[in-house]
Structures are given as structure tokens and as C-alpha cells.
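Written out below as C-alpha cells is the structure these notes cover.
Residue numbers (UniProt numbering): 1 to 181.
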């Protein structure tokens, strides 16, 4: 049963205009139909490959989530940061880890969970210092006969608040007097 209908259509593969004899014709020629079929099959294969790759990645992450002990690299992948950041967390004491042998650092899964469950510590609000209640660095050096490096070490060790105003650096008189007397 042939059709006498003639419809102007646009080829889905090459985008050229052609005369179709049926309403369901999508391509202008047999060659375009074959090429469109191959392109469709190629896209299906690529999509299957992409989904397989995603499943493999998800399985790796699930494996990391169920493990009790993790290495630094595994923790970095699990959290989504660099291993340098994990080492910083270990060095600052925020994350407890055990060093097995020389090169192997193991972190317990519960320690990672504690890292995210710890409440934020409130920082103390530091009152601004009054210049009349402070010594300059040079005044402290002259009064207590201390070198600049020794004074800097004392300030750092005792976590003394400093205030910079212009070219002078001020430290509280009360704290300095308590330390040196």
C-alpha cells in the first residue's frame, strides 16, 4: 500500500530539507538513517559506560563509609579535601590518629564522626586596650632590661594581647608587671 502524500520534512541527522512520503520518516536517505542509527547506538554505549563508572565510584565510597580504620588518603577522599588538610587537623589535635610503622597513619572512623559532632567553641570577646593602661614594647625593654627577642617570646608564650596604634605596639601594664615581678 503506497502513499501519495508528499510532506516537506527536515532530516534529523543532516538537517537538510527533503520530501517524505510518510508522516513517520525521519531521515532523508538510507545513508543518513544508517549514520543516525550508528550515532544513537554509540551514545547508548557511552551512557552505559558512564553509569558503570558511577556505580564503581559509589561502591568505593560505600566501602570507605563502612570501614572502621582509614588511612589519611582515604579520609581525604571521604571528606573531600586534601591530605595536607587532614595532616593539619592531626597536628592541631582536632583529629586523633595513630602512627603505625613510619609511613602509615591510621584514623578511627569514630574520630572523624566526632570531628563533625563537636560543638563550636565560643571565642572570648577581647576588650580593646586603653593606651593609658599599656606599655609600648620599647618601654618594657627599657624598664625590665629585656631584649626584643626575649620579650617577643614571653608575649607569644603567655598569649598576651597586643594592640598596634600608629608605629607603636602596646601591651597591657598589669599582665607585664605580673610576669616580670
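Glycine residues also receive a C-beta, built at the ideal position from the N, C-alpha and C atoms.
Around the Cβ of residue 151, a 10 Å sphere holds 16 or more other Cβ atoms; the residue is buried.
Straight across, the Cα-Cα distance linking residue 67 with residue 109 is about 7 Å.
For the 8 Å CB-CB criterion, residue 5 and residue 21 form a contact. CA-CA distance, residue 91 to residue 84, rounds to 10 Å. Residue pairing by DSSP places residue 11 in no beta bridge whatsoever. Inter-residue distance for residue 33 and residue 44 is about 17 Å (C-alpha atoms, whole angstroms). Comparing C-alpha distances from residue 132 to each of 159, 154, 163 shows the shortest one belongs to 163. Taking the Cβ atoms as the reference, residue 12 lies roughly 6 Å from residue 27, within the contact range of under 8 Å. Distance from the CA of residue 98 to the CA of residue 69, rounded to the nearest whole angstrom, comes to 10 Å. Separation of residue 7 and residue 41 (C-alpha to C-alpha, rounded to the nearest whole angstrom) is 28 Å.
By the Cβ-count criterion, residue 170 is buried, with 16 or more other Cβ atoms from all chains shown falling within 10 Å of its own Cβ.
Annotation for residue 134: no alpha helix (DSSP H) segment contains it, though the beta strand (DSSP E) segment containing it runs 134-136.
About 5 Å separates the beta carbon of residue 144 from that of residue 180, a gap short enough to meet the 8 Å contact definition. Contact between residue 89 and residue 77 does not hold, since the beta-carbon distance rounds to 15 Å and is not under 8 Å. Judged by DSSP secondary structure, residue 70 falls within the beta strand (DSSP E) whose first and last residues are 69-71. For residue 86, same chain residues with a beta-carbon under 6 Å away, outside a window of 5 residues either side, are 72, 75, 76 in chain order. Leaving aside the five residues that flank residue 160 on each side, the residues in its chain whose CB is nearer than 6 Å to its CB run, in chain order, 171, 175.
For residue 79, DSSP assigns no beta-bridge partner whatsoever.
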